[in-house]
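Worksheet: one structure, shown below.
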Amino acid sequence: MLGPIMEFNRHQGGESPLQMPWEGSSTRPSRSRRICERTAYHCREEMEMTAQLEGLSERIASLESFRER
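Here our numbering is used: position 67 in the sequence shown is 61, and no number is missing along the way.
Below is the structure:
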C-alpha cells in the first residue's frame, strides 16, 4: 500500500490535487514580490498620513483662532 495520499493521486491520473510547498506554483506570488507589494502598501499609507499631518498645523491654528472669538 502506498498510503492514502499516494493512492488518491494514482486514482486522479497522476495529477496532484494538492500543491506541496517544495513544488512551487505559478499562481502563488514569490516571496520577494509579496514583500515588495507589502512595502508599497505601507509606503502609500505613510504618504497619506504625512499629507494629513502636513495640513494639521493649519487646522489647529484655525480652530484656536475660532475658539478665541
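Built from N, CA and C at the ideal position, the CB exists for glycine as well.
By the three-class DSSP mapping on this structure, what secondary structure does S24 have? Translated into the one-based positions of the sequence shown, residue 24 becomes position 30. Note: S24 maps to coil in three-state DSSP.
If you draw a straight line from the alpha carbon of G8 to that of R22, how long is it in whole angstroms? Looking up residue 8 in the sequence shown gives position 14. Looking up residue 22 in the sequence shown gives position 28. Bear in mind that the predicted position of G8 carries a pLDDT of just 49, short of 50, making it unreliable; the figure below should be weighed with that in mind. Approximately 22 Å between the Cα atoms of the pair.
Return the CA-CA distance between I54 and A34, expressed in angstroms with no decimal places. Start at 1 with the first residue of the sequence shown, and residue 54 comes out as number 60. Start at 1 with the first residue of the sequence shown, and residue 34 comes out as number 40. So the alpha carbons of these two residues sit roughly 30 Å apart.
Of all Cβ atoms in chain C, is any one closer than 7 Å to the Cβ of T33? Given the protein chain composition of this structure (a single chain), no chain C is represented.
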